[in-house]
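Q: Each step along the sequence shown adds one to the number in UniProt numbering, with nothing skipped, and position 16 is 19.
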Amino acid sequence: KLPTIILVGRPNVGKSTLFNRLTGTRDALVADLPGLTRDRQYGTAVFEHRAFVVVDTGGLMPESQDPLAALAEDQARLALDEADHVLFVVDARSGCTPSDEAIARYLRRLGKPLTLVVNKAEGQPPAQAAADFFRLGLGEPQAVSAEHGHGLPALLRRVLADL
Ligand code: GDP
Ligand code: MG
């Protein structure tokens with residue numbers, strides 16, 4: 004069975020953009036509308052001769068009262084159970100939010116191998132993009148730009164070394 008990497012995080016942080024980058028497809032829906040990807044999306048990727056499965060999710064929305072949001076959350080939790088490594092995606096532009104902190108608490112309890120991915124980090128030094136997210140207590144954040152492809156080889160080397 005191929006190792007599985009799952010993308011989670013609040014809506015609009017760039018999970019689907021990262022999914023498309025990693026899998027080389029345009030299958031996942033990317034939009035300015037938060038929470039557009041309601042269902043799980045599966046794709047395969049190869050990096051440095053290693054194949055793995057990438058799962059995109061509709062995201063975790065700890066504060067939402069929308070039943071559709073709850074559905075997406077159930078899907079994400081189901082998929083999380085099956086995953087070998089979690090990529091927790093956050094947004095360098097918005098900085099660390101209360102939703103990020105709530106998701107971080109949930110993921111810490113889950114106890115799965117995890118990498119904190121600070122997306123939208125283009126245009127600033129990686130260390131600066133990452134600085135606000137150390138407080139989540141999930142280790143050293145990895146700064147990337149899914150849109151521009153920055154930081155992805157370093158991210159994948161780090162994740163695959165752990166699989
Ligand atoms: P999701 O809801 O987490 O799946 O987020 P999406 O992938 O749908 O992206 C949400 C918005 O963020 C879209 O407008 C993307 O174009 C934008 N976005 C994604 N990645 C980046 C990035 O690396 N840099 C910037 N500036 N915008 C990004
Ligand atoms: Mg999405």
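Ideal Cβ placement from N, Cα and C applies to all residues, glycine included.
1. From the DSSP output, read off the bridge partner residues of Gly-46.
2. Who are the near neighbours of Thr-47 in its chain, counting only those whose CB is closer than 8 Å to its CB and skipping five residues on each side?
3. Could you check whether the Cβ of Glu-76 sits closer than 8 Å to any heavy atom belonging to the ligand GDP?
4. State the DSSP-derived secondary structure class of Leu-21, mapped to helix, strand or coil.
5. Check the C-beta distance from Glu-150 over to Thr-20 and give it rounded, since I have them as a contact under 8 Å.
6. Measure how close the beta-carbons of Leu-139 and Val-120 come, nearest whole angstrom, since I'm counting them as under 8 Å.
7. In terms of alpha-carbon separation, which member of Val-49, Leu-166, Ala-86 and Glu-85 lies closest to residue 2?
8. Going by C-alpha distance, which of His-52, Ala-82 and Glu-51 is nearest Val-11?
9. According to the Cβ coordinates, are His-153 and Ala-164 closer than 9 Å?
10. With DSSP collapsed to three states, give me the class of Ala-34.
11. DSSP has Val-121 in a bridge; who is on the other side?
12. Taking 8 Å as the cut-off, is the beta-carbon of Thr-118 closer than that to any non-hydrogen atom of the ligand GDP?
13. Mind checking who Val-11 pairs with in its DSSP beta bridge?
A: So, to answer that:
1. Answer is Val-57, bridged to Gly-46.
2. Only Leu-5, Thr-26, Ala-54, Phe-55, Val-56 and Val-57 meet the Cβ criterion.
3. Outside the cutoff, so no.
4. helix
5. 6 Å
6. Not really, about 12 Å apart at Cβ, beyond 8 Å.
7. With the chain covering 4 to 166 only, the question about residue 2 has no answer from this structure.
8. Ala-82
9. no
10. Summary for Ala-34: the model assigns pLDDT 47, below 50, so the residue's position carries little reliability; its value from the coordinates is reported in the next sentence. Three-state DSSP puts Ala-34 in coil, outside helix and strand.
11. Val-93 and Ala-146
12. no
13. Phe-91
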